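Chains as they are written, first to last, in our numbering: chain A, 1 to 228; chain B, 1001 to 1101. Let me begin by presenting the structure, written as C-alpha cells, before commenting on it.
Below is the structure:
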C-alpha cells in the first residue's frame, strides 16, 4: 500500500483554488474549536436563504440569547462563525457549495492534526491523495484527507450533508480497507459528514454498498477526529 | 398560533413548516423514499422530546427562535435545498429548545 498525489487534472486545479481561499482556512480554524451548537449555526447559515445576522442570532438563543455569554471567547467565536458563514452564504449557489465542501475537508484536517503524535505541520496528514495497491487499478477520485502513518493509516472522505453519502463513496472506502488488509496493512476507512448522525443513519440504512467497517464521524462527533 | 410557553408548544408551532419542507423536497423524485424516511426519523425525535419534556417551560428566546426558523424555512424554494433543510431544521429547532438532536 502506498499513497500518491492525485493527478493535476482540471478538476483538481479548480478545486485547489477553492481550498486555498482564505475564507476556507478561517472557517476551519473557527469550526475546529467550535461547540456543537456553533457548528449547527454554521451549517444552517451556509445553507440558508437569509443574510441578515439578526435572523440567525434569534434562531440560536443558546449562542446569542439572554442566557448566552454576552462577551468572552465563546461569544466572540459565535459571532465570528455567524459572520463568516454569511460570507459563504452570500456567494453564488455553485461557489458556496464548493466552499462548504472545502471547509469540511479543512476542518477534518485541522482536527486530525490534533491527534497525539501528529503535529500541525506533520507530513503524515495529506489532502487529495490516492491509495495504491499492487495489482489493483487506482481509483479515479482521490481521498479528501489521508493519514499516512505506518500502522495507523486512514483514508477519509468528507461530505457536507448526509445526502452526499452514496454507493460510490462507500465502495471506494471499503475497497481501500479490504485491499490494505490483503497486503496485511491496516487502513481505517472514515467518512466525515457535517450533518447530524440521525440523518446519516437514515442515509446509510438505504445503502447496499458495504459500510459496516467504515467509521462514520457526524457533526456531533467531529471532535473524535482529534482523538482517534 | 398559540403562544409558545412550553417545549411541546414550540415543537408544535414548528411542525407545519417542517411538513412543508418535506412536501417541497418530494419534488426530487429520485429521493422520494429517502426524504420520507428522513422526515419520519426526525418527527420521531420530535415526538420523543415532546413525550419526555413537552410540558416543560420554553426557555427565554425560544418563541423568537421558532418564529425565525419557520420564516427561514418558508423562504426555501428549491427542492434540493429543502432536502438539506429537512436535516438542518430539526437540529436548529432541537438545540433552540435545549435538546440534543
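For each residue, glycine too, the CB sits at the ideal point set by N, CA and C. Only a predicted model underlies this, so the values are computations on that prediction, with no experimental measurement involved.
For residue i versus residue j, is the C-beta spacing smaller than 9 Å?
i	j	result
residue 190 of chain A	residue 217 of chain A	yes
residue 27 of chain A	residue 107 of chain A	yes
residue 144 of chain A	residue 163 of chain A	no
residue 91 of chain A	residue 222 of chain A	no
residue 1037 of chain B	residue 205 of chain A	yes
residue 85 of chain A	residue 46 of chain A	yes
residue 1070 of chain B	residue 1007 of chain B	no
residue 61 of chain A	residue 1062 of chain B	yes
residue 146 of chain A	residue 154 of chain A	yes
residue 1086 of chain B	residue 1022 of chain B	yes
residue 1015 of chain B	residue 1043 of chain B	yes
residue 72 of chain A	residue 1060 of chain B	no
residue 6 of chain A	residue 129 of chain A	yes
Closer than 8 Å by C-beta to residue i: which residues in its own chain qualify, once you throw out the five before and the five after it? Chain order, please.
i	result
residue 210 of chain A	170, 171, 174
residue 208 of chain A	167
residue 220 of chain A	36, 196, 197
residue 185 of chain A	1, 153
Here's a check: name, in chain order, each residue in its chain whose Cβ is nearer than 7 Å to the Cβ of residue i, leaving out the five neighbours to either side.
i	result
residue 1080 of chain B	1028
residue 76 of chain A	none
With a CB to CB cut of under 6 Å and the five nearest residues on each side skipped, what residues in its chain are close to residue i?
i	result
residue 102 of chain A	18, 19, 24
residue 228 of chain A	Bear in mind that the predicted position of residue 228 of chain A carries a pLDDT of just 49, short of 50, making it unreliable; the figure below should be weighed with that in mind. Taken in chain order, the residues that qualify are 115.
residue 1094 of chain B	1101
With respect to the beta strand (DSSP E) encompassing residue i, which residues constitute its N-terminal and C-terminal limits?
i	result
residue 149 of chain A	Counting along the chain, residue 149 of chain A falls outside any beta strand (DSSP E), and DSSP gives it neither H nor E.
residue 3 of chain A	2–5
residue 190 of chain A	187–193
Along the alpha helix (DSSP H) that carries residue i, what are the first and last residues, could you check?
i	result
residue 1088 of chain B	1079–1096
residue 170 of chain A	167–182
residue 132 of chain A	First-last for residue 132 of chain A: 125–132, but that is the beta strand (DSSP E), not the alpha helix (DSSP H).
residue 1011 of chain B	1007–1025
Nearest to residue i by alpha carbon, out of the options?
i	options	result
residue 157 of chain A	A:123, A:67, A:31, A:112	A:112
residue 1041 of chain B	A:199, A:180, A:187, A:214	A:199
residue 225 of chain A	A:193, A:202, A:160, A:212	A:193
residue 1031 of chain B	B:1052, B:1101, B:1082	B:1082
residue 29 of chain A	A:15, A:63, A:78	A:78
residue 1 of chain A	A:82, A:134, A:21, A:118	A:134
residue 148 of chain A	A:10, A:136, A:180	A:180
residue 1088 of chain B	B:1039, B:1051, B:1009, B:1026	B:1039
residue 160 of chain A	A:109, A:132, A:104	A:104
residue 43 of chain A	A:99, A:182, A:14	A:99
residue 1011 of chain B	B:1078, B:1020, B:1058	B:1058
residue 1035 of chain B	A:63, A:203, A:87, A:81	A:203
Going by the C-beta, is residue i closer than 8 Å to any heavy atom of the ligand HEM?
i	result
residue 68 of chain A	Here there are no bound small molecules, and the ligand HEM is not part of this structure.
Complete alpha helix (DSSP H) runs within the segment 20–53 of chain A (minimum length 4 residues, chain order): 22–32, 36–46
Tell me the start and end of each unbroken alpha helix (DSSP H) in the segment 195–221 of chain A that is at least 4 residues and wholly inside, in chain order. 197–205
My parser needs the alpha helix (DSSP H) runs of 4 or more residues fully inside the segment 65–128 of chain A; what are they? 73–89, 93–112
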